[in-house]
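So the number in the working numbering is just where the residue sits in the sequence shown, counting from 1, plus 6. Beta carbons are placed, not taken as given, at the ideal position from N, Cα and C, and that holds for glycine. The model shown is predicted, which means the values in this text are computed figures rather than measured ones.
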Amino acid sequence: MSVITIALVTMTKKVENIAVLTSGGDAPGMNAAIRSVVRACSYYKLNCFGVFKGYEGLINNEIEELNARSVRNIINKGGTFLKSARSQEFRTKEGREKAYKNLLKNNIDALVVIGGDGSFTGALKLSEEFDFPVVGIPGTIDNDINGTDYTIGYDTALNTVVDAIDKIRDTASSHNRLFLIEVMGRDAGDIALNAGIGAGAEEILIPEEDMGVERLLDSLRKSKKTGKTSSIIVVAEGDKSGKNIFELGEYVEENLDDYEVRVSVLGHIQRGGAPSCYDRVLASKLGVGAVEALIEGKREVMIGIVHKEVTIVTLKTALEKRTHKHDKLIKVADITSV
Ligand code: F6P
């Protein structure tokens with residue numbers, strides 16, 4: 007072993023006590039991820055601690071030791087039994103310092119953060135300011151994290167949305183109505199686009215692609231001429247039409263005599279429910295991956311899934327804007343909705 011290698015190995019303190027928290031918007035499968043982290047710790051003979059209410063709980067020292075049995079019967083449950091929060095105090099240096107002191111007080115030597123980009127931004131700051139080892143697991147229904155093909159909760163949310171739209175389609179077609187359905191996703195159109203295709207929507211409005219309100223009207227006029235009697239338009243909450251969904255509904259009704267319009271905002275129903283099998287397996291893989299990464303001395307990284315393989319990217323990369331394009335899916339949506 008060279009001198010440099012020895013120096014690197016000895017610089018990495020052995021991890022013995024790992025804490026896990028869930029932060030930001032909850033997502034189905036977070037419980038399965040916590041379970042996986044706890045059980046991987048147990049498997050590798052490490053101690054595991056659960057932090058309640060995300061970073062807020064870290065600041066207030068709401069930390070409890072967990073063992074393999076503490077996480078029984080939760081793999082099938084939506085939400086997060088550790089609870090979650092969007093902590094304002096953790097955005098301040100003082101808040102993060104309190105959190106760091108509590109980690110030291112509990113002899114914790116690494117933190118696993120299950121959450122989305124806001125949670126990772128906080129994790130990165132904690133790591134940079136206090137040189138504290140952190141590993142992120144992407145958990146958000148939005149699927150908007152760079153460096154992973156999927157985030158935990160996205161698949162379940164998609165199925166929930168498709169199920170809801172199927173039901174709305176029944177009433178839409180019974181009344182020959184046009185429905186505008188708003189779905190979550192913040193600035194990402196993944197839920198809208200994929201659920202829209204899956205539920206056979208006529209139009210899908212996403213933040214990444216501004217189709218313009220006039221083109222939407224044109225397209226709906228054409229649909230009517232081809233014999234469509236009802237229509238479903240899926241609108242991502244972050245769409246760039248410049249109108250909120252109710253204004254959009256009024257605008258369409260004012261400009262298209264043939265349609266009676268209704269608006270439906272699906273809201274937080276999209277975050278609830280039992281996780282799909284895909285999300286349970288994904289969460290299990292990423293939880294084990296996170297603990298193994300810490301054992302290998304990795305820090306300031308996110309464990310993701312790329313082409314079905316568990317992968318590791320830096321937290322900085324995870325926080326970069328995604329470069330992938332929706333073009334091919336948009337074409338599929340256009341072709342299948344003629
Ligand atoms: O990030 C998950 C998400 O559900 C987004 O899709 C949505 O914009 C946001 O959280 C809603 O947040 P809250 O529950 O805090 O209102």
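Just the Cα atoms here: how many angstroms apart are residue i and residue j?
| i | j | result |
| --- | --- | --- |
| G295 | E188 | 35 Å |
| M7 | A194 | Low local confidence applies: a pLDDT of 41 at M7 is under 50, so the model's placement there is unreliable, with the coordinate-based value given in what follows. Roughly 47 Å between the two C-alpha positions. |
| G122 | N149 | 9 Å |
| S93 | D169 | 32 Å |
| K246 | V271 | 17 Å |
| C47 | I24 | 8 Å |
| E103 | L130 | 13 Å |
| D196 | D224 | 24 Å |
| E315 | D176 | 39 Å |
| Y265 | E209 | 15 Å |
| I10 | I147 | Here the model assigns I10 a pLDDT of 44, short of 50, so the residue's position is not dependable and the matter cannot be decided. |
| E260 | N165 | 33 Å |
| D155 | T235 | 37 Å |
| T232 | P144 | 43 Å |
Taking the alpha carbon of residue i as the reference point, which residue from the options has its own alpha carbon closest?
| i | options | result |
| --- | --- | --- |
| G292 | I318, V240, E214 and P139 | First, the residue type needs correcting, since residue 292 is Leu and not Gly in the sequence shown. Considering only alpha carbons, the answer is I318. |
| F87 | S29, I114 and K107 | S29 |
| A205 | L211, K173 and M190 | K173 |
| C54 | P34, N66, E22 and L64 | E22 |
| L199 | I40, A129 and A339 | A339 |
| A178 | R268, I275, K327 and I341 | R268 |
| L254 | A299, G218 and A39 | G218 |
| E62 | R75, I158, F96 and L52 | F96 |
| G98 | K111, I65 and L109 | It is worth fixing the name first, because residue 98 is Thr in this sequence and not Gly. Out of K111, I65 and L109, I65 has the C-alpha closest to the C-alpha of T98. |
| I81 | S236, D115, A39 and N250 | A39 |
For residue i, which residues of its own chain have a beta-carbon under 6 Å away from its beta-carbon, when the five flanking residues on both sides are left out?
| i | result |
| --- | --- |
| K83 | N37 |
| F58 | E68, L88 and K89 |
| D333 | none |
Skipping 5 residues on each side, what residues in its chain have a beta carbon closer than 7 Å to that of residue i?
| i | result |
| --- | --- |
| T16 | Caution is warranted here: a pLDDT of 36 is assigned to T16, below 50, making its placement in the model unreliable, and no coordinate value can be reported. |
| G60 | L27, T28, S29, S90, A91 and S93 |
| H330 | none |
| K230 | D264 |
Does residue i pass the burial test, meaning 16 or more other C-beta atoms within 10 Å, or should it be called exposed?
| i | result |
| --- | --- |
| L222 | buried |
| R78 | exposed |
| S42 | buried |
| F252 | exposed |
| T342 | exposed |
Spatial neighbours of residue i within its chain, please: C-beta separation below 8 Å, excluding the five flanking residues on both sides.
| i | result |
| --- | --- |
| A13 | Summary for A13: the model assigns pLDDT 40, below 50, so the residue's position carries little reliability, and this model does not support an answer. |
| L132 | R102, A105, Y106, L117, F138 and V140 |
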